[in-house]
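Asker: Heads up: the sequence shown begins at 1248 in the numbering used here, then just goes up one per residue. Glycine included, each C-beta is placed from N, C-alpha and C at the ideal position. Have a look at this one.
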Amino acid sequence: MLSPFVPTKQLNVKEMGKNNYQGALQKPVGSGFNAASSTSEVIKGIDLTGKFAIATGGNTGIGLETTKTLAAAGATVVVPARDIEKAKRNLEGIAHVELAAMDLMDLNSIDAFAENFLASGRPLHLLINNASML
Ligand SMILES: NC(=O)c1ccc[n+]([C@@H]2O[C@H](COP(=O)([O-])OP(=O)(O)OC[C@H]3O[C@@H](n4cnc5c(N)ncnc54)[C@H](OP(=O)(O)O)[C@@H]3O)[C@@H](O)[C@H]2O)c1
């Protein structure tokens, strides 16, 4: 059976054995942004009005910045969180944000979150898989 995954670039066999320490094997993607770029620079000129996003871990750290940025650009951002009270405090005052319960370590809670979102009948335009589980 053919795999649905079609690589856009052949894997460089020589590079496979090399060490990627400090991103040595990474190559710029030509986005025009770099490590010093701010979220406001990246989102500039983009109108997300009417768009729906889900941002896991969207109430802390990088995820919180993502939530703020997408919401400020007009998107409705659904933030699943395992600690709803903490998430409420962290997201207080940010418009266009909705909280929902989800623990990524609990498959039933993931299913319940997904079913609720699907039942809302809304499309999903942006899925930010930001939450880390270490
Ligand atoms: N910060 C960096 O320098 C850096 C560098 C490279 C990559 N990253 C990656 O970028 C992402 C965000 O980093 P960060 O520094 O902003 O992380 P962070 O502040 O630690 O936030 C992680 C988020 O993930 C959530 N989370 C963890 N386990 C979860 C679970 N089982 N169910 C639901 N949510 C869960 C946390 O929820 P709780 O608040 O409930 O714990 C928190 O909201 C991570 O994937 C990280 O690996 C970060």
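Quick check: does the Cβ of R1329 come within less than 8 angstroms of any heavy atom belonging to ligand 1?
Answerer: Yes.
Asker: Please classify S1351: does DSSP put it in a helix, a strand, or coil?
Answerer: Reading off the sequence shown, one finds Leu at residue 1351, where the question assumed Ser. Coil.
Asker: Consult DSSP for T1314 and reduce its assignment to one of helix, strand or coil.
Answerer: Note: T1314 maps to helix in three-state DSSP.
Asker: To the nearest angstrom, how far is it from the Cα of T1323 to the Cα of V1344?
Answerer: Those two C-alpha atoms are separated by around 6 angstroms.
Asker: Pop quiz: A1347 and V1325 are said to be a contact at Cβ under 8 angstroms. What is the actual Cβ separation, rounded to whole angstroms?
Answerer: Correct: roughly 6 angstroms between the Cβ atoms.
Asker: Check this for me: beta carbons of G1189 and L1295, under 9 angstroms apart or not?
Answerer: Shown here, the chain extends from 1248 to 1381; a query on residue 1189 therefore has no answer.
Asker: Within the continuous alpha helix (DSSP H) that includes I1290, where are the two ends?
Answerer: Start and end: 1286 to 1290.
Asker: Shorter than 8 angstroms, the distance from the beta carbon of K1315 to the closest heavy atom of ligand 1, or not?
Answerer: Because no heavy atom of ligand 1 lies under 8 angstroms away, the Cβ of K1315 does not count as near it: no.
Asker: What residues are listed by DSSP as bridge partners for L1373?
Answerer: Answer is A1300, bridged to L1373.
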